Amino acid sequence: MVVTADRPPTLPSPVGTGAGAVNRGPDISRWLRSAAPTATMAGPAFALFTILMIVPLIMAICYSFTNWNSLSSTLQFVGLANYRKVFSGGAGMMRPLVVTGVLSLAGTVVINVVAVTLAMLMNRPGRLYKLYRSAVFYPYVVSAIISGFLWSAILNPQGAAEHLLHGLGLGAAPFLTNGNWAVGCLVLVISWNSIGFSLVLYLAGMQTIPSELIEAGQVDGAGPWRRFHDIIWPLLSSTVTVNIVLVLIGLFQTYALVLALTNGGPDGQTQTVAYQILAIGYANGELGYACAGSVVLMVGTAALAAAVIGYRRRKESSLT
Amino acid sequence: MKRRSTKRLAALAAAGLAGAGLVGCSAPHGTSSTGGNKTGTLIWYVNKTATLTPAVYQKVADGFTRTHPGVKVRIINQGGQGTGPYFQTLISSGNSPDVGTGIAITPQNAKDFVNLAGQAWARQAAAKNPLIRDYEINKGIYSTPAGYQIQDLIFYNKKLFAKAHIAAVPTTYSALTSDMAKLAKLGVTPMADSGSFIAGSQVMAMALSTIYQHNLLWEKDKSAGRVSFAHGPWQQAMQIYRQWIQKGYIDKGAVALQYNTVDNDFLQGKYGMYLVASWFTGNIAQTPPPFPVGVFSVPTLDGKTPAPQAVVAAFNWEIPTAAKHRTLAEEFVHYLSTNQKQAIAPLVKADGDFTQKPLYHLDSVGQAIQKIASQTKVEGVPGGGENVEPNGFATYMDQVVQGLWGGKSAAEVAHELDTWWNSNKGSSS
């Protein structure tokens, strides 16, 4: 009996092996050739991203350490003076930071709770439900500035809301003349403006849930709340994460709505960080200070978004 | 050969004519615009309002282009409180207009604007117009105001005054408050007010009409620490203002109203009085109210009359050093500042502004204002030239005065103003 062992496959010899051979290292030209199509296709987008996002970001960080007034080509390095001013009380951004935080957190909760509730109610076939979904989505296409002016006309002391209250025999409500009420109105208007987008995301997420799972729950006797809590909600985890992060980042940048609805008043009590940066820092020619505020806002938003994503990922992995 | 030499001669002749035209055009002239061979599109940044419409500005621009063939004027307009900031944005983004308005020129930022002191026409205009001298920085002429607004005025509804049996206009604050009580009994809100810039400017008018009797350099003294908002005319004015709010003589919801809403409401007879600057005459002319309108000077806190009037330049044309057509811009500003018939008169008439001698027919309200101006000292406004306030003061003033509606005392608001000024002085850029 002859036993032959399988010969191992013959590997190609390295180029130039043997006496006098030269090791040329990795094949760069081959790498370049293989990377060329990727670079060609991604290049324009990368260039645009760099020019429109990265370069302005680096410039803003640089300007934040100067006293640039936007008019002059000369500027002076002022160290951390702008950042100290950002975190000072009075003329600084401490109060706007608090207002931005309240708006963002309250708005995120309201938008997501209402959107997921509406998604549950509207996740059904039929023309009527399509109409409901369109009606809820419609405010999202109205720009923040228009929304602000529209609601300002409704909520101001001569607006429709006061007329309605008067007609019902109720006293006037200080919608935009009291600081706390004005912040509350901002939360509601922001939510009205933004719920449509979150609704669409939640509806899309719900439609990826296999209907058999929900039917199985029904068969097992689970009521609507149990089906939502034990089946739908866990499977919506990633959609919830996306919604929370997107809404939070958007609300941190609230400016146009504040400008149109309250113009930062009364007495500056609804000024957000973005409002301070644009309507005050920029308007007063304090570009260095405005850039410092922008950097603080960016770092804060990024840190919060990272924290939320990290927390939600842990939650998602504990559910699967 | 003959043809080529003809072409060469023609080219030389054209070049010579162009050169002569350039030399001719650059020489200073009197009040009329010069013709010239300069061509190009001049960017003119203006402040658009309800009465200063693009059509008004276009007519002014047409008067210049008629005498400057080959020159076009492109008008960029911006309205409301964003005029100055947007001007800054355009300059910083590399799209500087050639001529614009809205940025307060200070010793810190004067180097970013063209100094016209070298132009004979500018020096002559400054010699005749004290307002131009008020805006000088270290003897440099960086802007040439062509008209002025008077700030410390109260327009009133004569019909309501008669109904309330108010026989004479008040000259003291106690009389003014008493007249407000009479108007309130009629069921109207005595004093019109709104958020945005109206509340802040009303308090400023009430305080400055007293301050100007004694001290025209209050801002300089404030930055040097010699005066303060607390314990003086500012705090007194805010105390009176707060009382008016508490008594309902000023709408408790005014901070949430836009100023143009209140302008229209006054013209519809919803308010008895409106403390606002003379530009309001433009609104009255545009939308004549169904009642006669009168005007009187804001009282002084110590009751002394007549109160000195503060003026603000109505059309303060500036040329950024970043302007692309600087020579053309200087000619255009020369035209805007000195051509009374085609440039100054249409603008001041539309805006309800005034000049040293009236350039348009004044109605009864305009005549009353001109009479007030002639009977009182008319002084330059603070924040002009070297007597500067910190950047953003007017905006902060508008914001912090709203605290009087929210329950803050006059002393608290005065303290906030002092704190803000002290931490921002020296930031006038």
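Protein chains in written order, with the working numbering: chain P, 1 to 320; chain V, 1 to 429.
Virtual Cβ for every residue (Gly too), placed ideally from N, Cα, C.
As the structure is a prediction and not an experimental result, all values here were calculated from the model.
- With its beta carbon at least 8 angstroms from every one in chain P, Val333(V) lies outside the interface.
- Within the same chain, Asp179, Lys182 come within 7 angstroms of Ile166(V) by CB-CB distance, once the 5 residues on both sides are set aside.
- Interface criterion met: the Cβ of Val255(V) is under 8 angstroms from a Cβ in chain P.
- Under DSSP, Phe113(V) forms a beta bridge with Pro320(V).
- Cβ neighbours of Pro299(V) within its own chain (closer than 7 angstroms, five residues either side excluded): Pro170, Thr171, Thr172, Tyr173, Leu176, Ala307.
- For Thr395(V), the chain P residues whose Cβ falls inside 9 angstroms of its Cβ are Ala279, Ile280, Ala283, Asn284, in order along the chain.
- Counting along the chain, the unbroken alpha helix (DSSP H) around Leu259(P) starts and ends at 256-261.
- Arg33(P) sits in a helix when the DSSP states are folded into three classes.
- Met93(P) sits in coil when the DSSP states are folded into three classes, being neither helix nor strand.
- Along the segment 69-83 of chain P, going in chain order, the ones with a CB nearer than 7 angstroms to a CB of chain V are Asn69, Ser70, Leu71, Ser72.
- Counting only runs of at least 4 residues, the segment 222-299 of chain P fully encloses the following alpha helix (DSSP H) elements, listed from N- to C-terminal order: 224-227, 237-252, 256-261.
- For a cut-off of 8 angstroms, the C-beta gap from Val99(V) to Val333(V) is around 6 angstroms, short enough to register as a contact.
- In the pairwise beta carbon analysis, the segment 100-112 of chain P is classified as not touching the segment 353-363 of chain V: fewer than three pairs are separated by under 8 angstroms.
- For Gln243(V), not one C-beta of chain P is nearer than 8 angstroms to its own C-beta.
- In the displayed model, Asn129(V) falls within coil according to three-state DSSP, outside both helix and strand.
- In terms of Cα proximity to Thr117(P), the closest of Met94(P), Gly126(P), Phe228(P) is Phe228(P).
- With a beta-carbon spacing of about 6 angstroms, Ser147(P) and Val189(P) fall inside the 8 angstroms limit used to define contacts.
- Residue burial is scored here from C-beta neighbours: Tyr148(V) has at least 16 other C-beta atoms within 10 angstroms and is therefore classed as buried.
- Each of Met94(P), Ala173(P), Leu203(P) was checked against the Cα of Ile154(P), and the nearest Cα belongs to Ala173(P).
- In the DSSP secondary-structure assignment, Trp218(V) is not bridged to any residue.
- Within the same chain, Cβ atoms closer than 6 angstroms to the Cβ of Val401(V) are found at Ala199, Gly200, Val203, the five residues on either side in sequence being excluded.
- Contact between Gly285(P) and Gly293(P) does not hold, since the beta-carbon distance rounds to 14 angstroms and is not under 8 angstroms.
- Just so you know, the alpha carbons of Ser73(P) and Tyr135(V) end up roughly 23 angstroms apart.
- As computed with DSSP, Arg74(V) is found in a beta bridge with Ile43(V).
- In this structure, the CA atom of Ser194(V) is about 26 angstroms from the CA atom of His231(V).
- The beta carbon of Gly268(P) lies closer than 6 angstroms to none in the same chain, with the five residues before and after it left out.
- Close partners of Asp251(V) in chain P (Cβ separation under 8 angstroms): Pro157.
- In the displayed model, Ala184(V) falls within a helix according to three-state DSSP.
- Between Leu213(P) and Leu261(P), the C-beta gap is not smaller than 8 angstroms, which leaves the two residues out of contact.
- In this structure the segment 268-279 of chain V lies against the segment 150-166 of chain V, because at least three pairs of beta carbons, one per stretch, are closer than 8 angstroms.
- For Thr395(V), there is no enclosing beta strand (DSSP E); the enclosing alpha helix (DSSP H) has its first and last residue at 393-401.
- Restricting attention to alpha helix (DSSP H) runs no shorter than 4 residues, the segment 124-188 of chain P encloses them at 127-141, 144-155, 160-167, ordered along the chain.
- With a threshold of 16 other beta carbon atoms within 10 Å, Ser337(V) meets it and is buried.
- Nearest in C-alpha terms to Cys62(P), of all of Phe46(P), Phe77(P), Met53(P), is Phe77(P).
- Taking one beta carbon from each stretch, the segment 312-321 of chain V and the segment 100-111 of chain V have 3 or more pairs nearer than 8 angstroms; the two touch.
- With fewer than 16 other Cβ atoms from the protein chains shown falling within 10 Å of its own Cβ, Asp27(P) counts as exposed.
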